[in-house]
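Presented below is the structure to which this report refers.
Protein chains in written order, with the numbering used here: chain X, -11 to 490; chain S, 31 to 189.
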């Protein structure tokens, strides 16, 4: 392990990788800060630019973006009470109150330090847990892998969505879309309509770009695009570093928030916003003076920020060890790794152990750079909020087309992107979640392959999934994941409505 | 939303029927006890029909009322018409850009594309739109071409 760690350090510590990390962090802070632009959008936009980079530089940049994007969301939440990312929604409750009291700098500094704490704690868990989990997963056969993927998809459908039915519909549609092209076992062309471009199937990148980014541009048509954010709060940014007394006050909160975020991040589908609010609520409950929350308590900033950055490392545990993305962002990271010929899963730890530890070290640098760059550059980065939204959206639209073109030098992918953009717009309009579709697109070919291999092994007998203990366990977990919210809604309609409102 | 959900269900049934028809045309398995290329599509179309049926049943068991939508009246319909027009224009601009960029080339088509996008998004100052369009086009050309060595299309008519 130490050897692999040293190799990872030597690779991720090269100046090109460090520069990539720094660039990723700056992009992440900017993207996270801008309301309407999610971290996923940032990764989608940057991803095509990483095709020509080495895998190490590519993952360094993307991890920098991931870590900093979570922090960036807190900047506009604190300064403007407009969360830059959904994960920063809870941060604004106390962060903006602090800004109104003239303590924006302290709030921002606390958010950055809490983010660093959450990221580092989740990294430690990642390093400790991932290799062990990968060793266990190596013993998984096709039945276990199939039921695990089904569990991952079901979790996303049930945790994150208001309507489980629509979540499942979204997932099934995603799986249907991925049957186009060559079947993963026999290579038989399916649903290609005679098109050579369709023979290689629908690439996940144009689908993701279309589903996430294009609807943002289309939704902006509904009203006047804002010419820029209010600059009133900017003059109040002074003294980003909180005092030692302030840090001591929030240390326990950061520790608890980090643990909560990491634990929630491991569960597929239960991501940043859930972790942030859960941590905020828990911090308030255990506080000696809960009345301060919502009025400018530093713990109210530290709790959600440590949790949402804790999610980042936690989500990478199933991503790296099992190839199951913990959230949409890790789904994109899986795509990024696959583009470079590295398939996440237990075999990655066997065949590319050096790269795995490079990822660990790159994540370490991402968190450190996030801390340093954010503390140094926030007073300058916030000026980006003044850029007219019209220009940013036009840039996004252009990058969507060019980014998907760059994948295979083929504008067919850009056309696919536009199709998914229209689909994504209508899905969001009619409350059909897009996240299950995204995950289904990533996991679909694997799922089919494992299913058909398992049935081949069992000579067509489906009881193989129930007779193998681990596979049966995953089936039970899937059933519980889907049925629990349904049963809760029937027994407690009030609580169910509150869940729907989230 | 109830009417919309019913329409979604019916659309899913129609799509499922078409997908099933395509699946029936796929080659059958050639090895015994081995699921063929049509196995997964059959499984998926079954679940699609099942879920579409569940969705439609949920609407008749106490779905949301559409009274709110019905009461909005004429004030909303004009806004909807404007939005729909902009929506289709935006799609036409993006689709046209994708279709024409290889003919016209990146450097000629992109500033026009950006300018039109910004106008549709509400940019009122034409010179700012022109300046930003040119700046972004050239900036990205440098980044893609020289920074990441990704070749962007050149105009075919110049060949």
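No residue lacks a Cβ here, since even glycine has one placed at the ideal position from N, Cα and C. Keep in mind the model is a prediction, meaning the values are calculated, not measured.
Residue environment for residue 254 of chain X: buried (at least 16 other C-beta atoms within 10 angstroms of its C-beta). Proximity of residue 64 of chain S to chain X, defined by a Cβ-Cβ separation below 7 Å, is satisfied. Out of X/429, X/414 and X/66, the CA that lies nearest to the CA of residue 90 of chain X is found in X/66. Closer than 7 Å to the CB of residue 162 of chain S there is at least one CB belonging to chain X. Around residue 398 of chain X, the same chain offers 185 as residues with beta carbons nearer than 8 Å, after the five sequence neighbours per side are excluded. Scanning chain S for C-beta atoms nearer than 8 Å to the C-beta of residue 180 of chain X yields nothing, as the closest lies near 11 Å away.
The Cβ of residue 58 of chain S sits no closer than 7 Å to any Cβ of chain X. Excluding five sequence positions before and after residue 318 of chain X, the CB atoms of its chain that fall closer than 7 Å to its own CB belong to 303, 304 and 307, given in chain order.
The three-state secondary structure of residue 170 of chain X, taken from DSSP, is strand.
By the neighbour-count criterion, in which 16 or more other beta carbons inside 10 Å mark a residue as buried, residue 454 of chain X falls on the exposed side. Taking every protein chain shown into account, the CB of residue 449 of chain X has fewer than 16 other CB atoms within 10 angstroms, so this residue is exposed. Here residue 313 of chain X carries a coil assignment [DSSP, helix/strand/coil]. Spanning the alpha carbons of residue 440 of chain X and residue 64 of chain S requires a straight line of approximately 7 Å. If one requires a minimum length of 4 residues, the alpha helix (DSSP H) runs lying completely within the segment 260 to 284 of chain X are 260 to 274, in chain order. Short of 8 Å from the beta carbon of residue 430 of chain X, and not among the five residues preceding or following it, lie these beta carbons of its own chain, in chain order: 192, 313, 319, 322 and 323.
Burial is judged here by how many other beta carbons sit within 10 angstroms of a residue's own beta carbon; residue 44 of chain S has fewer than 16 and is exposed. When secondary structure is reduced to three states using DSSP, residue 67 of chain S falls in the coil class, being assigned neither helix nor strand. Judged by beta-carbon spacing, residue 72 of chain X lies within the 7 Å limit of residue 61 of chain X, meaning their Cβ atoms are closer than that value. Look at residue 153 of chain X: its C-beta is under 7 Å from a C-beta on chain S. Excluding its 5 nearest sequence neighbours in each direction, residue 165 of chain X has C-beta neighbours in its own chain below 6 Å: 190, listed in chain order. For residue 132 of chain X against residue 462 of chain X, the beta-carbon gap comes to about 7 Å, under 8 Å, which counts as contact.
The beta carbon of residue 327 of chain X does not come within 7 Å of any beta carbon belonging to chain S, so the residue lies off that interface.
In the displayed model, residue 457 of chain X falls within a helix according to three-state DSSP. Along the length of the segment 24 to 63 of chain X, whole beta strand (DSSP E) runs at least 3 residues long do not occur.
Non-local beta-carbon contacts of residue 102 of chain X in its own chain, meaning distances under 6 Å to residues more than five positions away in sequence, involve 242, 290, 293 and 294 in chain order.
Apart from the 5 residues on each side of it in sequence, residue 36 of chain S sits with its Cβ closer than 8 Å to the Cβ of 86 and 89 in its chain, given in chain order.
Counting along the chain, residue 447 of chain X sits inside no alpha helix (DSSP H), nor does DSSP assign it H or E at all. Within the same chain, 21, 22, 23, 70, 71, 72, 76, 217 and 373 come within 8 Å of residue 64 of chain X by CB-CB distance, once the 5 residues on both sides are set aside.
At a cut-off of 7 Å, the C-beta of residue 164 of chain X has a neighbouring C-beta in chain S. By the neighbour-count criterion, in which 16 or more other beta carbons inside 10 Å mark a residue as buried, residue 134 of chain X falls on the buried side. If you draw a 10 Å sphere on the C-beta of residue 457 of chain X, you find fewer than 16 other C-beta atoms in it, and that means exposed. In the same chain as residue 130 of chain X, and ignoring 5 residues on each side of it, the C-beta atoms closer than 6 Å to its own belong to 438, 441 and 442, in chain order.
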